[in-house]
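**Student:** Below you'll find the structure I mean.
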Amino acid sequence: MRVDVPHAWPADPAAALALQDRLRPLADHRGPGPAHPRLVAGLDVAYAGDGRGTGDLVAAAVVVIDTATLGVVERATATATSTFPYVPGLFAYRELPVLVEALRALRTTPELLLCDGHGLAHPRRFGLACHLGVLTGLPTAGVAKTPFVGSHDPAALAGARGSHADLVDAGETVGRVLRTQDGVKPVYVSTGHLVDLPTACAQVLALAPAYRLPETTRQADRLSRDALAAAVAAAGTGPAADTVEG
6 MRVDVPHAWP
16 ADPAAALALQ
26 DRLRPLADHR
36 GPGPAHPRLV
46 AGLDVAYAGD
56 GRGTGDLVAA
66 AVVVIDTATL
76 GVVERATATA
86 TSTFPYVPGL
96 FAYRELPVLV
106 EALRALRTTP
116 ELLLCDGHGL
126 AHPRRFGLAC
136 HLGVLTGLPT
146 AGVAKTPFVG
156 SHDPAALAGA
166 RGSHADLVDA
176 GETVGRVLRT
186 QDGVKPVYVS
196 TGHLVDLPTA
206 CAQVLALAPA
216 YRLPETTRQA
226 DRLSRDALAA
236 AVAAAGTGPA
246 ADTVEG
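Using my numbering, you'd call the opening residue of the sequence shown number 6 and step up by one each time.
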């Protein structure tokens, strides 16, 4: 899969903030996005150590799922060392370079990307899913296990699968809190690029028939951990960390 990166990766927070400001207007949150995609990819990253240092080993995984069968069509991984510092709100810059390399290893082009992270639900409204969508030109959304910004009305979120509530930050709806299984913790969905929120949520729900997390996320999480374990064993470094942010 071809992914062109028309900018250098920022080396410091000031440059990263400036790049977010420059690219933010390019993200399309209106969609509508694919109503019936056949191929959807999940993306996830695992870190050695605590996930906060520079020079840590990092592994990215992309898993393409056939939505008709929930079977895996293709897998790809990439490993690297983190070079960008841990800064809240700029976490995407620790993950984007290695995620791009994993996407480039794909032979197929997915119709939708679902990131383990956030998109619009970000302090500057430009999280990982937004940046990745702008780079790839593909419909992209974020599916996170925990919120980064915003809150919701607990009374609006029923306990049944498919119930949802708006995720609101500073008076703006930035995502949706979505219950994917009866009585389990919800996930936090936000748009990244070229897809609207109802469509993104419908796809997440369709990909989660039996578990809290969509199959794309489950498969990518497992693959990223396996790839990291192999890289850690080869390098002789510490255990893996699971970190999620926008």
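Note that the Cβ used here is the ideal one computed from N, Cα and C, for glycine as well.
Measuring CA to CA, which of Val148, Arg109, Arg112, Leu31 is closest to Gly124?
**Tutor:** Val148
**Student:** Quick one: measure Cβ to Cβ for Val69 and Val78, integer angstroms, because I've assumed they're closer than 8 Å.
**Tutor:** 4 Å
**Student:** How close, in whole Å, do the beta carbons of Ala126 and Val154 come, if the pair is a contact with beta carbons under 8 Å?
**Tutor:** 6 Å
**Student:** In whole angstroms, what is the alpha-carbon distance linking Pro39 and Ala65?
**Tutor:** 25 Å
**Student:** Does the distance from the C-beta atom of Val200 to that of Pro144 stay below 8 Å?
**Tutor:** With a cutoff of 8 Å on beta-carbon distance, Val200 and Pro144 are scored as near each other.
**Student:** For the candidate residues Arg129, Val194, Ala238, whose alpha-carbon lies nearest to that of Leu218?
**Tutor:** Val194
**Student:** Round the Cβ separation of Thr84 and Val50 to the nearest angstrom and send it over; I've been treating them as touching at under 8 Å.
**Tutor:** Contact flag wrong, Cβ pair sits at about 10 Å.
**Student:** Let me confirm a value: Ala236 is counted as buried when at least 16 other C-beta atoms fall within 10 Å, else exposed. Which label applies?
**Tutor:** buried
**Student:** Could you tell me the boundaries of the beta strand (DSSP E) in which Val105 lies?
**Tutor:** No beta strand (DSSP E) contains Val105, which is instead part of the alpha helix (DSSP H) from 97-109.
**Student:** Using only alpha-carbon positions, find the residue among Leu228, Ala134, Ala205 that is nearest to Gly167.
**Tutor:** Ala205
**Student:** Would you call the stretch 129-140 and the stretch 29-37 touching, i.e. three or more CB-CB distances under 8 Å?
**Tutor:** A contact between stretches requires three or more CB pairs, one per stretch, nearer than 8 Å, and the stretch 129-140 meets this requirement with the stretch 29-37.
**Student:** Would you mind working out which of Arg184, Arg27, Leu101 sits nearest Tyr216, comparing C-alpha positions?
**Tutor:** The option with the nearest alpha carbon to Tyr216 is Arg184.
**Student:** What three-state label does DSSP hand His136 in the structure shown?
**Tutor:** helix
**Student:** Since Val8 and Leu140 are thought to touch, with beta carbons under 8 Å apart, how far apart are those beta carbons, to the nearest angstrom?
**Tutor:** 6 Å
**Student:** Taking a contact to mean a Cβ-Cβ separation below 8 Å, would you say Ala73 touches Leu111 in this structure?
**Tutor:** no
**Student:** Who are the Cβ neighbours of Thr113 in its own chain at under 8 Å, not counting the five residues just before and after it?
**Tutor:** Met6, Leu44, Val69, Val78, Glu79
**Student:** Taking 6 Å as the limit between beta carbons, can you name the residues of its chain near Trp14, skipping five residues before and five after?
**Tutor:** Pro102
**Student:** Taking the beta carbon of Ser156 as the centre, do at least 16 other beta carbons fall within 10 Å, making it buried, or is it exposed?
**Tutor:** exposed
**Student:** Looking only at DSSP bridge pairs, what is Gly142 linked to?
**Tutor:** In DSSP, Gly142 forms no bridge with anything.
**Student:** Return yes when the Cβ of Asp121 is within less than 8 Å of the Cβ of Val86, no when it is not.
**Tutor:** Before going further, note that residue 86 is Thr rather than Val in the sequence given. No; because the gap between Cβ atoms is not below 8 Å, this pair is not in contact.
**Student:** Are there 16 or more other CB atoms within 10 angstroms of the CB of Arg223, so buried, or fewer, so exposed?
**Tutor:** Buried, by the Cβ-count rule.
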